[in-house]
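A short worksheet on the structure shown next.
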Amino acid sequence: MSKKPMQKFMDWLQYKVTPAVQKFTERPWVHGFSAGIVKCLPFILTGCLIFFYNVVQPYFPNILPNLSAVSNYTFSMLSLLVAFMMVYQEMGSLKHRNYQVVGGLTGICAYILAMKGTTVDGVYSVTWNRFGPTGIVVAICIGLYVSIIFHLIAKLNLFKNNNTIPEFVQEWIKNIIPIFLSILLLKIVIIDLDVDLYPIVLKLFAPINAIAQTYPGFILLNLFCCFFYSLGISGWTWSGPRNAIFIPAQAANVAAVAAGGTAMYLTTSEVCNGIALICLGGMGCTLALNIWCLFSKSKRLKTLGRVCIAPAIFNINEPILFGTPIVFNPILMMPMWICTTVNATIVWIVMRTGLLAIPTIELAMVATIPAPFSTVMFTGDMRGVIWWAVCLAVDLLIWYPFFKTYEKQEVEKEAAEALAKA
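Residue numbers for the sequence shown follow my numbering, so the first one is 511 and each next one is one higher.
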């Protein structure tokens, strides 16, 4: 008997798409790229902590010191950190571990050179903002450029069969050559040809950022991660390219408000993750499913709902994702996709029409604060509570028929098991 179309589709996802995606994300260059961004998260979160501190500090100026410098020398130097970490992680992924530190330091040198500083009266200066989050795309490009040079030199395998030169001298030469080439080639472009790569790179990536800030781009970016998450592939897998869009966009929002303007960009981590409307209970809006499980006729689902509700409140949904399971379950995968699309549409409409404020604070990657507290905190708008309730109500309605269908199967299975034991 031939398989049903849905079963064929699920088999295609499970045995073709998922292995192919996992194989792609495990490739050394891709893994190193994503890891390079993820490893910088502690510095981003440090800047977030200072934001919370600065909310309270003005009320106790004589007791609490000004710690803005901590943020300035962590989050505000994000691009410089990415330039190092990108090369460091790429060298590790490519099995050139002896090049990790030297390559990372070369990435810093190359990035500072690419910033095209100016010298006035013997004083060399670089625009401070270029070290911050707006330059993260440039830092990624510089990091990949340095990584390629180090990788090519490593592949030459210099001194493979040479025992006459001392080992420490061999190591010096192996390091000097890629350092020299990395800086020399960049120096020719930046200094000799008088090219400023910073605005050029930003301009090249501007169309991608522009598309990401449209409604279709906004929906696609959220749905893309949700789709693969329903296949068991973590959203962290895509953190590298997503943050390359998210972080500069939010930095532009903050700068615009500081200059007396208005925030314009919605495709940011603060909107897609932080306010917890598009990810209510975790990616895929699974809080509604968790709530229905609490009242389930199935003993297994009811127990699962009780166990998973606490993590779900903090937008952690791996327990229910793999516990029900949702992964590779066509009945429960579809409402994940639908809820993500619908909630993202609601957020887009209410923010574009001014019914909910666009976040203007930089709290990237903070997605475990319970909603609606996070919604109000990120937006500074009490109407966030209303829209949280609306999104939750919509999610409950969307999940209900799919949940009842799955619940019926589970109840029948439990009844059959009980009968078999009798």
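Yeah, the Cβ is synthetic: ideal placement off N, Cα and C, and Gly gets one too.
It is roughly 54 Å from the alpha-carbon of leucine 929 to the alpha-carbon of tryptophan 539. Here valine 630 is bridged, per DSSP, to Val633. With contacts defined by Cβ atoms closer than 8 Å, proline 835 and cysteine 818 do not form a contacting pair.
Counting along the chain, the unbroken alpha helix (DSSP H) around tryptophan 898 starts and ends at 893–931.
Residue burial is scored here from C-beta neighbours: leucine 668 has fewer than 16 other C-beta atoms within 10 angstroms and is therefore classed as exposed.
Closest option to phenylalanine 585, judged by alpha-carbon separation, among Ile693, Phe641 and Glu920: Phe641.
Isoleucine 868 places its beta carbon less than 8 Å from that of methionine 861.
Each of Met595, Tyr910 and Ala877 was checked against the Cα of isoleucine 823, and the nearest Cα belongs to Ala877. In this structure, the alpha-carbon of alanine 925 lies about 15 Å from that of lysine 812. Looking only at Lys626, Met595 and Leu787, the smallest Cα-Cα distance to aspartate 704 is reached by Lys626. DSSP places serine 744 outside both helix and strand once states are collapsed to three, so it counts as coil. One alpha carbon belongs to glycine 557, the other to valine 764, and they sit about 14 Å apart. Contact between the stretch 550–567 and the stretch 604–619 is absent: fewer than three C-beta pairs spanning the two stretches fall below 8 Å. Within the stretch 562–636, the runs of alpha helix (DSSP H) that reach at least 4 residues and sit entirely inside it are, in chain order, 578–582, 588–603 and 610–624. A distance below 8 Å separates the beta carbons of valine 767 and alanine 773. A check of alpha carbon separations from cysteine 735 across Val592, Ala903, Thr724 and Arg752 identifies Arg752 as the nearest.
Here alanine 579 is exposed, its C-beta having fewer than 16 other C-beta atoms within 10 Å.
Fully enclosed alpha helix (DSSP H) runs of no fewer than 4 residues occupy 840–862 of the stretch 840–886, in order along the chain.
When DSSP assignments are scanned along the stretch 633–688, the uninterrupted stretches of alpha helix (DSSP H) that are 4 or more residues long and fall wholly within it turn out to be 646–666. In the three-state scheme derived from DSSP, where H, G and I count as helix and E and B as strand, proline 835 is classed as coil. By the neighbour-count criterion, in which 16 or more other beta carbons inside 10 Å mark a residue as buried, aspartate 702 falls on the exposed side. The beta carbon of valine 895 sits closer than 6 Å to those of Pro882, all from its chain and outside the five residues before and after it, given in chain order. Counting C-beta pairs with one atom in each stretch, the stretch 840–859 and the stretch 729–748 have three or more that are closer than 8 Å, which means they touch. Listed in chain order, the non-local C-beta contacts of leucine 906 below 8 Å within the same chain comprise Ala798, Ile801 and Trp802, local neighbours out to five positions each way being set aside. Between the beta-carbon of valine 597 and that of valine 656 there is about 5 Å, and that keeps the pair under the 8 Å contact cut.
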